[in-house]
Amino acid sequence: MKRRIRKTAGALAMLIVFGLVRTGWEAGLDRRLTETGLLTPPPTLKLADQIGYQAFFAVLGGLRPLVAFYTTLHAYDAWEYREWDTVERDYNIVNQLTPEDEDAWIIAAWHLHTNAAASFYINDALPQTMRETVLARDWVLKGAAKLEEGIRALPDSWKLHNELARVYGDKDKLADPCRAAEQYRLAMGCEGALEFVRRFYGYQLARCPGKEQEAYDYLKGLYDEAERHHSPSLIITVKDLETKLGIPPGQRIPDPYPPR
Amino acid sequence: MSETSTTHSGQPSAGGRGPLRAPSFSLGRIWTLATSTFTQLVRMKTFYFLIVFALVVVAVGNLDLLYTAEQKLRVIKNTAFGAMSVFSWLFAIAATAMLLPRDLEDRTLYTILSKPVPRLEYLLGKLGGVMLTIAIALLAMQALFTGVLWVQEKIALADAYADMKAHSNFTEAEIQTRLRMVAEQGVSWGLLSALWAIFLKALVVTSFTLLISTFASSSLFTIIVGVIVFIIGHFHKMAVSYWSSALGEGALAKVFLKPVELIFPDLRLFNIVENIVGGQPVALTALAEMTGLSVLYAAVYTMIGLYLFIDKEF
Numbered sequence: 001m002k003r004r005i006r007k008t009a010g011a012l013a014m015l016i017v018f019g020l021v022r023t024g025w026e027a028g029l030d031r032r033l034t035e036t037g038l039l040t041p042p043p044t045l046k047l048a049d050q051i052g053y054q055a056f057f058a059v060l061g062g063l064r065p066l067v068a069f070y071t072t073l074h075a076y077d078a079w080e081y082r083e084w085d086t087v088e089r090d091y092n093i094v095n096q097l098t099p100e101d102e103d104a105w106i107i108a109a110w111h112l113h114t115n116a117a118a119s120f121y122i123n124d125a126l127p128q129t130m131r132e133t134v135l136a137r138d139w140v141l142k143g144a145a146k147l148e149e150g151i152r153a154l155p156d157s158w159k160l161h162n163e164l165a166r167v168y169g170d171k172d173k174l175a176d177p178c179r180a181a182e183q184y185r186l187a188m189g190c191e192g193a194l195e196f197v198r199r200f201y202g203y204q205l206a207r208c209p210g211k212e213q214e215a216y217d218y219l220k221g222l223y224d225e226a227e228r229h230h231s232p233s234l235i236i237t238v239k240d241l242e243t244k245l246g247i248p249p250g251q252r253i254p255d256p257y258p259p260r
Numbered sequence: 001m002s003e004t005s006t007t008h009s010g011q012p013s014a015g016g017r018g019p020l021r022a023p024s025f026s027l028g029r030i031w032t033l034a035t036s037t038f039t040q041l042v043r044m045k046t047f048y049f050l051i052v053f054a055l056v057v058v059a060v061g062n063l064d065l066l067y068t069a070e071q072k073l074r075v076i077k078n079t080a081f082g083a084m085s086v087f088s089w090l091f092a093i094a095a096t097a098m099l100l101p102r103d104l105e106d107r108t109l110y111t112i113l114s115k116p117v118p119r120l121e122y123l124l125g126k127l128g129g130v131m132l133t134i135a136i137a138l139l140a141m142q143a144l145f146t147g148v149l150w151v152q153e154k155i156a157l158a159d160a161y162a163d164m165k166a167h168s169n170f171t172e173a174e175i176q177t178r179l180r181m182v183a184e185q186g187v188s189w190g191l192l193s194a195l196w197a198i199f200l201k202a203l204v205v206t207s208f209t210l211l212i213s214t215f216a217s218s219s220l221f222t223i224i225v226g227v228i229v230f231i232i233g234h235f236h237k238m239a240v241s242y243w244s245s246a247l248g249e250g251a252l253a254k255v256f257l258k259p260v261e262l263i264f265p266d267l268r269l270f271n272i273v274e275n276i277v278g279g280q281p282v283a284l285t286a287l288a289e290m291t292g293l294s295v296l297y298a299a300v301y302t303m304i305g306l307y308l309f310i311d312k313e314f
């Protein structure tokens, strides 16, 4: 018995000495791995209340993306049954677990600002004023807030700025072309942004009160830049602005559909 | 004809030159023990897990959710690597916990230790056998998963190309950018780094389970303690920082919390797998450092295991 105790104490002492040797090394390695984005900082205990302790331990055990995937499946199920609060809660978890997944932010926001909002908008069981002006708008605002949260996590994502611009620019959603234009402008500055974003910036700027001249100069510049920008939307917008701003006929772009 | 004698290990020796002594440390003996352990584990139908793994990967590959091409590929990777990770640590604990008691039950242990096989070699052989099994299983899973991912990547690239070509507004550069983004989530050499990190974690888990089994009274005890150490190893850093902020940096906190940090391994470091799979590039120096740390863990745990095992009577 004495020997057993002596052995156990010896083994524990060795473990502690080894611990003293390695903890400094591990702390440095932990810091370097976190700085290079290889190691995600540990989640807060608040997450355990949201996802349950089993899932929380799975997250700690390195199965964070797998828990996010399972939660996505759960959200998908809730979506089919139009349980919007569950969809929102599940995607809050997914976004918290995988903030680097820009597509997850976009889908989460889409469920809120389009699916949930439309679901309330067409719900005949609710009073018309309430469903159109309160509930639907609330969900649109939640969707926009979700995208803003995503942008804070991934400020260089052109896709997230583009999505938020679409919510602001949509006349059935927030109908705020000035803020939409601002988001398109931010999207243009991000790496990998597709060219259509440049045109969309101009369209929203054209709808923003007081920015007509700026929009005209910008869109005319695009028109002159390359033929690939001669899309019907761009031509129509430029023609509208020419009329609004009273541009002399000689300076106007050719009308692709001249009156007969 | 010269007179011959035999050593106690049964090897003949030339008379007059003294008995041939077995080398005190032999990699050959360790390898023999490792391969026999591997055979022992294969006979336990270990590789049946591969069937489940194949079904999961193929099923996830064919899930039709609201995913973009990149997301779909990412989900396949996350699921496959999650399954590999779970398999490796679960197997490391369960298989290692069973080895010593089974050798004792079959009386193989007496046969081995009655020969000139140092106990260190016995432990290293067992460790090697478990790691060999895990390595082969991981490579098989990686091959299977790479095949599925490659097929899904080709499908995703073809779909993305056709989709963008259908819209005349996209320039060739934009199409190439999009295809590059999809391909980044496909098959890549970087995924082997994630596989290596899983293997390293399994090495640490196997070595601490082997250490536990040297003083454990049963397989069940080893499995339970092994799982507890595994769980604590993942969250003790977080718990220590939480309690430190709650209790303050006082003596009480140091007395209770510091030993936990020193005794239990820090397994959270191996969670780099998640981000490597997500496409984060990993430097070779970081991998080398992780390898060095894991080998150190395995070496120290094996030596402590030997300290407990060396004069253990059966």
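Here the protein sequences line up with chains A and B, keeping their order. Following the numbering used here, the numbering of the first sequence begins with 1 at its first residue and continues without gaps. Following the numbering used here, the numbering of the second sequence begins with 1 at its first residue and continues without gaps. Every residue gets a Cβ at the ideal spot worked out from N, C-alpha and C, and that includes glycine.
1) Rounded to whole angstroms, what's the CA-CA distance from I175/B to Y161/B? Just pull it up for me.
2) Who are the Cβ neighbours of S294/B in its own chain at under 7 Å, not counting the five residues just before and after it?
3) Can you find a CB in chain B that lies within less than 8 Å of the CB of F120/A?
4) Look up T68/B in the DSSP assignment and say whether it is helix, strand or coil.
5) What is the DSSP secondary structure of Q185/B, reduced to helix, strand or coil?
6) Let's see if you can read the secondary structure: which residues bound the alpha helix (DSSP H) around P177/A?
7) Quick one: any contact between the stretch 125 to 132 of chain B and the stretch 28 to 43 of chain B, if contact means 3 or more CB pairs under 8 Å?
8) Please classify G10/B: does DSSP put it in a helix, a strand, or coil?
9) Starting from Q280/B, find everything on chain E with Cβ-Cβ shorter than 9 Å and list it in chain order.
10) Along the chain, which unbroken stretches of the alpha helix (DSSP H) at least 4 residues long are found entirely within the stretch 127 to 213 of chain B?
11) Could you check whether the Cβ of I231/B sits closer than 8 Å to any Cβ belonging to chain A?
12) Nearest chain A C-beta to D266/B closer than 8 Å, yes or no?
13) When the distance is taken between beta carbons, is I93/B closer than 8 Å to F230/B?
14) Can the beta-carbon of Y76/A be found closer than 8 Å to that of L73/B?
15) What did DSSP end up calling V60/B once you bin it into helix, strand or coil?
16) Cα separation between R207/A and A55/A?
17) Write down every uninterrupted run of the alpha helix (DSSP H) in the stretch 21 to 50 of chain B whose length is 4 residues or greater and which is fully enclosed by it, in chain order.
18) Which residue wins for smallest C-alpha separation from T32/B, given the options F91/B, L123/B, V52/B and A283/B?
19) A286/B versus chain A: which residues are under 9 Å apart at the beta carbon?
20) Give me the chain A residues within the contact set of M141/B, using Cβ-Cβ distance strictly less than 9 Å, ordered along the chain.
21) List the residues of chain A that S188/B touches, going by C-beta distances under 9 Å, in chain order.
22) Would you say the stretch 30 to 39 of chain A touches the stretch 264 to 282 of chain B, given that touching needs at least three Cβ pairs under 8 Å?
23) One question on the structure: do T237/A and G210/A come within less than 8 Å of each other, judged by their Cβ atoms?
24) Could you run through the stretch 183 to 212 of chain B and flag, in chain order, every residue whose CB is less than 7 Å away from some CB of chain A?
25) Just the Cα atoms here: how many angstroms apart are L245/A and L219/A?
26) Quick one: which chain B residues come within Cβ less than 9 Å of D156/A?
27) Is the Cβ of E195/A closer than 8 Å to any Cβ of chain B?
28) Can you tell me which of the three DSSP states S5/B falls into?
29) Among the residues of its own chain, which have a CB less than 7 Å from the CB of K173/A, if the five just before and after it don't count?
30) Within the same chain, show all residues whose beta-carbon is closer than 8 Å to that of T198/B, passing over the 5 residues directly before and after it, in chain order.
31) So what's A95/B in DSSP terms, helix, strand or just coil?
32) In terms of alpha-carbon separation, which member of W110/A, F196/A and E100/A lies closest to A145/A?
The answer reads as follows:
1) 7 Å
2) L200, L203 and V204
3) no
4) coil
5) coil
6) P177 to M188
7) yes
8) Note on G10/B: pLDDT 43, under 50, position unreliable in the model; the coordinate value appears next. Looking at G10/B - three-state DSSP - the assignment turns out to be coil, as it is neither helix nor strand.
9) Protein chains in the displayed structure are A and B, and chain E is not among them.
10) 172 to 184
11) yes
12) yes
13) yes
14) no
15) helix
16) 48 Å
17) 27 to 42
18) L123/B
19) L29, R32, L33, T36 and L38
20) The contacting residues do not exist; M141/B stays about 15 Å from chain A at best.
21) Result: empty, since nearest Cβ-Cβ is about 15 Å, beyond 9 Å.
22) yes
23) no
24) none
25) 14 Å
26) Those within 9 Å of D156/A in chain B number zero; the least Cβ separation is about 14 Å.
27) yes
28) Residue placement at S5/B is poorly supported in this model, since its pLDDT is 41, which falls under 50; the coordinates still yield a value, given next. Three-state result, S5/B: strand.
29) H113, V140 and V167
30) With the sequence shown as reference, residue 198/B is identified as Ile, and Thr is not the correct amino acid for it. Contacts found: F81, M84, S85, S88, L138, F270 and V273.
31) helix
32) W110/A
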